[in-house]
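S.K.: Per the working numbering, residue 5 is the first one in the sequence shown, and the count goes up by one each step.
Glycine included, C-beta positions come from ideal geometry on N, C-alpha and C.
In this text, all values refer to a predicted model and were calculated from it rather than measured experimentally.
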Amino acid sequence: QPRQEMLAALFAEMPGIAPEDITILIATGTHRTNTQAELEAMLGRDIACRYRVVNHDSRDRASLACIGRTSTGVAVHLNRAWINADIRITTGFVEPHFFAGFSGGPKMVAPGLAGLDTVLVLHDAQRIGHPNATWGITEGNPIHDDVREIARMAGVDFSVDVTLNRDQKITAVFAGELFAEHRAACEAAMRDAMRAVDAPFDVVLTTNSGFPLDQNLYQAVKGMSAAAKVVKPGGTIVCAAECRDGLPAHGSYGEVLASQSSPEKLLAMITSPGYSIPDQWQVQIQAQLQMKATVMVKTGGLTPDAVRAAHFQPVDDVGAAVCDAMRHAGPHATLCVLPHGPQTIPYLR
Numbered sequence: 005q006p007r008q009e010m011l012a013a014l015f016a017e018m019p020g021i022a023p024e025d026i027t028i029l030i031a032t033g034t035h036r037t038n039t040q041a042e043l044e045a046m047l048g049r050d051i052a053c054r055y056r057v058v059n060h061d062s063r064d065r066a067s068l069a070c071i072g073r074t075s076t077g078v079a080v081h082l083n084r085a086w087i088n089a090d091i092r093i094t095t096g097f098v099e100p101h102f103f104a105g106f107s108g109g110p111k112m113v114a115p116g117l118a119g120l121d122t123v124l125v126l127h128d129a130q131r132i133g134h135p136n137a138t139w140g141i142t143e144g145n146p147i148h149d150d151v152r153e154i155a156r157m158a159g160v161d162f163s164v165d166v167t168l169n170r171d172q173k174i175t176a177v178f179a180g181e182l183f184a185e186h187r188a189a190c191e192a193a194m195r196d197a198m199r200a201v202d203a204p205f206d207v208v209l210t211t212n213s214g215f216p217l218d219q220n221l222y223q224a225v226k227g228m229s230a231a232a233k234v235v236k237p238g239g240t241i242v243c244a245a246e247c248r249d250g251l252p253a254h255g256s257y258g259e260v261l262a263s264q265s266s267p268e269k270l271l272a273m274i275t276s277p278g279y280s281i282p283d284q285w286q287v288q289i290q291a292q293l294q295m296k297a298t299v300m301v302k303t304g305g306l307t308p309d310a311v312r313a314a315h316f317q318p319v320d321d322v323g324a325a326v327c328d329a330m331r332h333a334g335p336h337a338t339l340c341v342l343p344h345g346p347q348t349i350p351y352l353r
């Protein structure tokens with residue numbers, strides 16, 4: 005994301021505000037905090053060293069403040085520095101999101117700056133399993149509905165979002181009132197990054213759009229989820245992802261995967277009353293698509309046994325795997341190829 009350019013443009017419009025009066029919050033959600041080197045790469049050395057930069061930590065209760073409950077009963081715990089700020093500005097990148105509809109906008113507040121307990125409810129099994137909790141849908145999506153309400157409760161004074169092309173270059177900038185600008189950004193992202201198809205396919209070949217997006221299997225689920233939108237029930241998804249970071253070793257994804265022997269059992273566990281653990285949402289989406297189609301994975305970052313342990317079928321040769329799946333589907337088999345994985349989302353008309 006072009007964070008450095010976005011911040012520089014904002015700061016240029018605020019010449020009377022001293023750097024020491026500005027706090028840059030990194031909206032990490034439940035992910036790990038960034039190192040100083042990563043912050044400098046993300047923001048540029050000048051901004052990272054000149055301004056107060058704070059990694060949000062969803063597990064640090066002392067850094068959180070409760071501002072009430074949403075109409076659906078979600079207890080809203082947000083970063084205290086955000087709540088206490090006199091002026092609140094979000095910056096983000098808008099693209100289709102596999103369960104929140106679109107990224108950016110209100111998602112920068114929650115889950116971006118939310119406490120773990122809040123995120124676990126926002127990403128619970130009931131919401132993740134809702135048919136509208138998917139790519140490109142915001143209205144009637146229970147996750148996005150809650151996210152918008154939390155952003156209203158928290159208050160956002162100004163918002164800037166961008167859309168990007170596959171070369172990570174800015175294609176458009178949207179700024180102003182949070183919900184109006186985000187709606188316009190989502191419409192642009194829908195036109196640029198989503199394509200309607202007339203019928204589902206027997207075989208879908210996908211990726212996670214290369215490094216850094218395919219750095220681990222957890223992230224590669226997004227490319228598989230894009231493929232699942234248009235694969236026939238009982239069809240085949242073949243995913244090529246490097247996964248140089250493995251599952252990864254951090255987070256709860258691997259722990260949840262290893263706790264059951266099949267996607268069916270994983271889904272039953274995750275949807276059971278009272279079950280709640282970070283990263284369960286990724287495993288739930290993975291299990292749902294694995295129950296819809298056979299999923300094969302080509303990767304150099306995991307051993308075949310590790311791929312099997314994640315309930316996928318390992319393959320050595322992508323071309324051979326696709327040809328075998330096409331032969332298995334019959335003489336009139338159809339194939340969809342998603343070379344950019346989750347950066348171009350197909351959907352049924």
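#1: Among the candidates T138, T210 and A12, whose CA atom is the shortest distance from the CA of G48?
#2: Check whether the segment 75-85 and the segment 110-123 are in contact - that is, three or more C-beta pairs closer than 8 angstroms.
#3: So what's M157 in DSSP terms, helix, strand or just coil?
#4: Hey, could you find the ends of the beta strand (DSSP E) A179 is sitting in?
#5: Flag this pair as yes or no: are the beta carbons of P267 and A291 separated by less than 7 angstroms?
#6: Please report the Cβ distance between V57 and L43, rounded to the nearest whole angstrom; I am assuming they are in contact, meaning their Cβ atoms lie under 8 angstroms.
#7: With distances taken from CA atoms, which of I91, A232, T307 and L270 is nearest M18?
#8: Taking only the alpha-carbon atoms, compute the straight-line gap between L117 and T32 and give it to the nearest angstrom.
#9: If A324 sits next to M330, beta carbons under 8 angstroms apart, how far is it from one beta carbon to the other, in whole angstroms?
#10: Would DSSP call R353 helix, strand or coil?
#11: Pull up the distance between the alpha-carbon of T211 and that of L293, whole angstroms please.
#12: Candidates G214, T34, K233 and Y351: which alpha carbon is nearest G304's?
#13: For H35, tell me which candidate among M157, K296 and D283 has the shortest Cα-Cα distance.
#14: Going residue by residue through the segment 103-163, where are the continuous beta strand (DSSP E) segments of at least 3 residues, counting only ones entirely within it?
#15: Looking at the unbroken alpha helix (DSSP H) that takes in V326, where does it start and where does it end?
#16: So, for A230: in the same chain, excluding its five sequence neighbours on each side, which residues have a beta-carbon less than 8 angstroms away from its beta-carbon?
M.R.: The answer reads as follows:
#1: A12
#2: yes
#3: helix
#4: I174 to G180
#5: yes
#6: 6 angstroms
#7: I91
#8: 7 angstroms
#9: Not really, about 11 angstroms apart at Cβ, beyond 8 angstroms.
#10: coil
#11: 15 angstroms
#12: G214
#13: D283
#14: none
#15: V322 to A333
#16: F102, W139, T210, L342, G345, P346, T348, I349 and P350
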